[in-house]
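Novice: Chains A and B, in that order, are what the protein sequence lines are. If you number the first sequence the way my numbering does, the last residue is 411 and the count never jumps. If you number the second sequence the way my numbering does, the last residue is 822 and the count never jumps. Every residue, glycine too, gets a C-beta built ideally from N, C-alpha and C. Submitted below is the structure of interest, expressed as structure tokens.
Protein chains: 2
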Amino acid sequence: MNIEIINTGSELLLGRVLNTHQQFLCRQLADAGYEVTRQVAIADTGEAIQEAVREAMTRSQLIIVTGGLGPTSDDITRDKIAELLDCELQEDPEVVEHVRSFFTRRNRPMPDRTRIQAMIPVGAEVIVNHHGTAPGLVIPAGESCLIMLPGPPRELRPMFSMQILPLIQDRFPFAGGFASVTLKSTGVGESLMEEMLEEPLSELRKEGLIVGFCARTGEVDIRLAATGEGSKELVARAERIAREIGTDHIYGSEDETLDQKIVELLTSQGKTLSLAESCTGGYIGHRITNISGASAVLMCGLVTYSDEAKQKLLGVSATTLEANGAVSEPVAREMAEGALRIGGTDFAISVTGIAGPTGGTEEKPVGTVYMGLATKTSTVVKHRINAFDRETFKFVTAQQILELLRQELIR
Amino acid sequence: MNIEIINTGSELLLGRVLNTHQQFLCRQLADAGYEVTRQVAIADTGEAIQEAVREAMTRSQLIIVTGGLGPTSDDITRDKIAELLDCELQEDPEVVEHVRSFFTRRNRPMPDRTRIQAMIPVGAEVIVNHHGTAPGLVIPAGESCLIMLPGPPRELRPMFSMQILPLIQDRFPFAGGFASVTLKSTGVGESLMEEMLEEPLSELRKEGLIVGFCARTGEVDIRLAATGEGSKELVARAERIAREIGTDHIYGSEDETLDQKIVELLTSQGKTLSLAESCTGGYIGHRITNISGASAVLMCGLVTYSDEAKQKLLGVSATTLEANGAVSEPVAREMAEGALRIGGTDFAISVTGIAGPTGGTEEKPVGTVYMGLATKTSTVVKHRINAFDRETFKFVTAQQILELLRQELIR
């Protein structure tokens with residue numbers, strides 16, 4: 001089965017916005033066992049839209065078009081596709097009512113031009129938009145099934161997950177089932193992870209297990225999938241093996257993040273955390289506090305960018321700073337111990353390093369970082385060289401120290 | 412002129428990664444006056460790559476293919492395109508040397524399979540990769556010019572900006588010139604900004620000025636462009652008008668960020684900053700420290716997530732907390748003043764709010780936030796309701812308080 005996604009919008013081709021629809025839709029479909037064959041982005045001109053749909057109809061059974069269903073003058077997707085498919089447009093009274101009530105609920109007058117969103121191609125199925133005004137549309141296009149989705153992510157995402165995906169699963173069922181799981185790991189490279197799992201999973205591969213790796217800086221995803229009868233059991237067996245072998249590195253599955261794991265582990269153990277950040281500048285605190293529930297476990301974070309702040313806020317001694325420099329093992333140690341003391345917490349982590357692009361020396365090149373983890377009984381400090389651009393440096397460094405904390409929490 | 416971008420990589424179609432190449436390349440090209448006509452993402456199979464290139468050759472003068480030039484078994488772009496174009500591959504001794512020296516400099520042995528990256532299609536121009544091993548390639552493809560770029564962003568980006576874009580400008584020059592500028596604004600919605608600029612720019616539009624708006628939560632970009640003779644002057648005139656009218660909201664242009672502006676303004680005025688963050692959890696510190704040079708102006712940040720930390724670290728009084736709650740005008744005020752005192756800085760900003768999704772009340776719904784700005788002479792506190800998801804809440808809140816600081820700095 002071929003699936004094609006067509007993203008319309010001149011802002012995509014001008015590079016003004018990131019195409020997050022692609023990743024969202026591809027991921028949702030892949031997790032349900034459907035692989036997208038091709039994704040296309042085009043400007044919102046009538047010609048480009050019709051050409052892309054016409055081509056897609058020659059090769060894809062399922063075509064998903066995003067954007068251009070709204071009320072403004074550049075929202076022409078619905079019209080142009082209806083024209084291409086030779087369908088008339090008719091006003092749907094239920095959709096008019098939906099649009100009207102959308103404005104009524106917000107105490108705002110309904111602008112006249114929004115009514116155009118109720119013009120539905122004859123033969124199309126209307127998918128109610130619970131988060132906006134433009135409905136989704138499902139329409140036969142030659143031998144293919146064509147789905148139009150509204151462009152705003154907060155409308156598209158829930159509509160796709162809750163309404164469209166079940167409809168796809170209903171119309172394009174798998175003969176013998178499908179199962180997949182994605183395991184998330186950190187602290188080990190892609191090729192090493194591949195090597196570790198190759199032999200142990202080789203038998204299951206012969207039974208039809210599909211193993212895929214996706215590496216990003218600081219993280220490797222392991223995707224285990226299978227189709228057909230017994231796919232669930234096959235994937236479950238593979239997951240058990242992979243988790244056992246990768247136990248030191250696999251921290252979760254699917255959309256779980258390391259930050260989430262940290263907050264979960266601290267919460268379930270009733271433990272608390274303080275942070276002392278220099279070069280990461282608050283980034284670790286930011287990540288932890290992206291997780292709802294962080295307030296119960298994160299006591300405080302001290303962003304001590306200057307030497308003075310390290311002394312004043314964390315009690316790092318002037319002698320230690322002078323003798324070793326701010327980026328050093330002893331300073332990372334005193335920072336972590338200072339944060340533990342000040343926060344009165346069970347754990348404290350510290351980071352001090354040279355994010356670059358300037359500030360490096362021969363002895364301590366850009367990327368040099370010392371990371372401390374203090375508990376009530378001991379402090380460990382790790383030294384790494386993370387020679388990346390500034391933002392990647394922060395990400396990788398945070399991964400490393402959070403993984404060290406996770407290891408401590410699961411011991 | 413038609414330009415087509417082909418992104419190869421199964422990880423794109425499985426939704427494992429975001430396609431950041433699309434935005435980067437489209438943006439770079441648009442800023443130089445070239446509009447991408449179509450972007451396609453396909454799996455890294457030989458058939459899909461050849462089909463996409465074959466189609467592109469029928470309609471585009473410039474074809475840019477990303478990914479699949481590396482040493483692993485799924486890196487087949489170079490081979491498959493050479494096959495399609497009926498070109499032989501020959502080992503290029505200079506590229507072999509480049510790959511070898513890449514490993515030598517890192518004190519690592521050169522793996523045998525990396526040598527495959529030196530296999531160059533006969534007739535292709537080699538573009539040296541200054542940040543990795545796989546070279547870029549420029550090759551005639553029928554009537555079109557085809558460019559292959561390595562997949563890793565840290566290799567692709569500098570190669571494109573520094574080496575490929577000048578080459579494109581050389582081969583596809585504009586007859587009568589091109590000019591564009593993108594102004595960045597915050598604190599005002601898209602439609603209001605459009606309204607403000609409509610009348611003042613209407614005369615220039617008649618002369619050929621193209622005005623475009625791109626809104627993201629918390630930011631609106633204004634793009635002014637023109638082609639043909641006199642385009643530079645036309646865009647310059649438009650920019651002057653827009654900056655004058657939008658002066659309260661336009662903080663920069665092109666890729667400038669609000670964070671960058673803050674660091675620049677503080678640096679040039681010799682002023683320093685401290686932060687007191689509750690609900691943003693370190694995010695403001697993270698943004699400021701993403702800017703190289705932040706260490707000279709950011710003294711410290713205090714992430715005081717708990718009431719206890721607010722008292723202990725910032726000196727917020729227990730009475731104030733009890734009487735008003737942590738999310739209140741007086742607490743934001745005491746937090747900012749505490750940070751100013753502790754950091755000994757010229758400015759301090761504070762944030763306290765309810766990021767959600769839980770923790771809201773009728774009186775203080777989710778999204779409620781108080782933001783303080785303390786200077787040596789006074790403190791102002793603003794109240795906002797930013798009812799978004801957690802990460803958007805943080806972003807918008809940071810925009811608002813940083814914009815308040817910017818206004819103070821440019822007064």
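Please report whether the beta-carbon of Leu13 (chain A) lies at a distance below 8 Å from any beta-carbon of chain B.
Specialist: Judged by the 8 Å Cβ criterion, Leu13 (chain A) is in contact with chain B.
Novice: Just the chain A side, please: which residues come within less than 9 Å of Asp632 (chain B) by C-beta, in chain order?
Specialist: Per Cβ cutoff of 9 Å: Arg16.
Novice: Out of curiosity, what's the CA-to-CA distance linking Phe347 (chain A) and Leu273 (chain A)?
Specialist: Rounded to the nearest angstrom, the two C-alpha atoms are 5 Å apart.
Novice: Rounded to the nearest angstrom, what separates Cys437 (chain B) and Asp718 (chain B) at their Cα positions?
Specialist: Answer to the nearest angstrom: the Cα atoms are 47 Å apart.
Novice: Can you tell me where the beta strand (DSSP E) with Ser185 (chain A) in it begins and where it stops?
Specialist: Run containing Ser185 (chain A): Phe178 to Ser185, per the beta strand (DSSP E) assignment.
Novice: So, helix, strand or coil for Glu207 (chain A), using DSSP?
Specialist: Glu207 (chain A): coil per DSSP, three-state reduction.
Novice: By how many angstroms is the C-alpha of Asn418 (chain B) removed from the C-alpha of Gly764 (chain B)?
Specialist: Distance between the alpha carbons of Gly764 (chain B) and Asn418 (chain B): 42 Å.
Novice: Could you tell me the boundaries of the alpha helix (DSSP H) in which Ile673 (chain B) lies?
Specialist: Where Ile673 (chain B) is concerned, the enclosing alpha helix (DSSP H) stretches over Leu669 to Gln680.
Novice: Are the segment 387-404 of chain A and the segment 692-710 of chain B touching, with three or more C-beta to C-beta distances below 8 Å?
Specialist: The segment 387-404 of chain A, when compared against the segment 692-710 of chain B, does touch it at the 8 Å Cβ threshold.
Novice: Once you ignore the five residues that flank Glu190 (chain A) on each side, which residues in its own chain have a CB closer than 7 Å to its CB?
Specialist: Only Phe213, Ala215 and Val220 meet the Cβ criterion.
Novice: For chain A, check one thing: does any of its Cβ atoms lie closer than 8 Å to the Cβ of Val777 (chain B)?
Specialist: Chain A contact via Cβ: absent.
Novice: Let me know if Val510 (chain B) comes out buried or exposed under the rule of 16 or more other beta-carbons within 10 Å of its beta-carbon.
Specialist: Buried, by the Cβ-count rule.
Novice: Residues in the same chain with beta-carbon distance under 8 Å from Ala88 (chain A), minus the five sequence neighbours each way, listed in chain order, please.
Specialist: First, the residue type needs correcting, since residue 88 (chain A) is Glu and not Ala in the sequence shown. Hits under 8 Å: Ala82, Pro121 and Val122.
Novice: Does DSSP put Val714 (chain B) in a helix, a strand or coil?
Specialist: The answer is strand: DSSP assigns Val714 (chain B) an E or B state.
Novice: Restricting to Cα atoms, I'd like to know which of B:Glu422, B:Leu709, B:Glu655 and B:Leu612 is closest to Leu635 (chain B).
Specialist: Here the closest residue by C-alpha is B:Leu612.
Novice: So, at 7 Å on beta carbons, what are the nonlocal neighbours of Gln267 (chain A) in its own chain, with the 5 sequence-adjacent residues on each side left out?
Specialist: Note that residue 267 (chain A) corresponds to Thr in the displayed sequence, not to Gln. For Thr267 (chain A), where only same-chain residues beyond five positions count, the Cβ hits under 7 Å are Gly293, Ala296 and Val297.
Novice: Please determine whether the Cβ atom of Val369 (chain A) lies at a distance below 7 Å from any heavy atom of the ligand FMN.
Specialist: With respect to the ligand FMN, the structure offers nothing, as it holds no ligand at all.
Novice: For Val714 (chain B), which option in A:Ile284, A:Ile127 and A:Thr320 has the closest C-alpha, if you only look at C-alpha atoms?
Specialist: Nearest option by C-alpha distance: A:Ile284.
Novice: Tell whether a beta-carbon distance below 8 Å holds between Met1 (chain A) and Phe172 (chain A).
Specialist: Yes, these two residues count as a Cβ contact at 8 Å.
Novice: Output the boundary residues of the beta strand (DSSP E) element that contains Val381 (chain A).
Specialist: Per DSSP, Val381 (chain A) belongs to the beta strand (DSSP E) from Thr379 to Ile385.
Novice: Is His697 (chain B) close to chain A, meaning its C-beta is less than 8 Å from at least one C-beta of that chain?
Specialist: For His697 (chain B), the answer is yes, since a Cβ of chain A falls inside 8 Å of its Cβ.
Novice: From the DSSP output, which residues share a beta bridge with Pro532 (chain B)?
Specialist: B:Leu500, per the DSSP bridge assignment.
Novice: Relative to chain A, which residues along the segment 756-783 of chain B have a C-beta separation below 9 Å, given in chain order?
Specialist: Going along the segment 756-783 of chain B in chain order, one finds Ala766, Gly767, Pro768, Thr769 and Gly770 with a Cβ nearer than 9 Å to chain A.
Novice: Just checking, does the segment 471-482 of chain B make contact with the segment 511-519 of chain B on the three C-beta pairs under 8 Å criterion?
Specialist: Cβ pair count under 8 Å is below three, so no.
Novice: Within 10 Å of its beta-carbon, does Pro551 (chain B) have 16 or more other beta-carbons around it, so buried, or fewer, so exposed?
Specialist: Exposed, since its Cβ has fewer than 16 Cβ neighbours within 10 Å.
Novice: Note down the Cα distance separating Ala529 (chain B) from Gly478 (chain B), rounded to an integer number of angstroms.
Specialist: About 15 Å.
Novice: In chain B, which residues lie less than 8 Å from Phe395 (chain A) when you measure between Cβ atoms?
Specialist: Result: empty, since nearest Cβ-Cβ is about 11 Å, beyond 8 Å.
Novice: Can you pull the chain A residues whose beta carbon is under 7 Å from the beta carbon of Ala441 (chain B), in chain order?
Specialist: Chain A residues near Ala441 (chain B): Leu14 and Gly15.
Novice: So, does the CB of Gln680 (chain B) fall closer than 8 Å to a CB anywhere in chain A?
Specialist: No, its Cβ sits nowhere closer than 8 Å to a Cβ of chain A.
Novice: Put Val95 (chain A) into one of helix, strand or coil per three-state DSSP.
Specialist: Here Val95 (chain A) sits in helix by DSSP.
Novice: Go through its chain and collect everything with a Cβ distance to Arg648 (chain B)'s Cβ below 7 Å, but skip five positions before and after it.
Specialist: Within the same chain, Arg648 (chain B) has close Cβ partners Leu615.
Novice: Once you ignore the five residues that flank Gln450 (chain B) on each side, which residues in its own chain have a CB closer than 6 Å to its CB?
Specialist: Excluding residues within five positions, the ones whose Cβ falls inside 6 Å are Ile416 and Gln433.
Novice: Expressed to the nearest angstrom, what Euclidean distance is found between the alpha-carbon atoms of Leu823 (chain B) and Lys787 (chain B)?
Specialist: With chain B covering 412 to 822 only, the question about residue 823 (chain B) has no answer from this structure.
Novice: Using 8 Å as the threshold, is the C-beta distance between Val369 (chain A) and Val351 (chain A) below it?
Specialist: Contact flag set, yes.
Novice: Roughly how many angstroms separate the alpha carbons of Arg333 (chain A) and Ile760 (chain B), rounded to a whole number?
Specialist: Between Arg333 (chain A) and Ile760 (chain B), the C-alpha separation is close to 29 Å.
Novice: If we cut at 8 Å on Cβ distances, does Gly282 (chain A) have a partner in chain B?
Specialist: Taking Cβ atoms only, chain B reaches closer than 8 Å to Gly282 (chain A), which makes this a yes.
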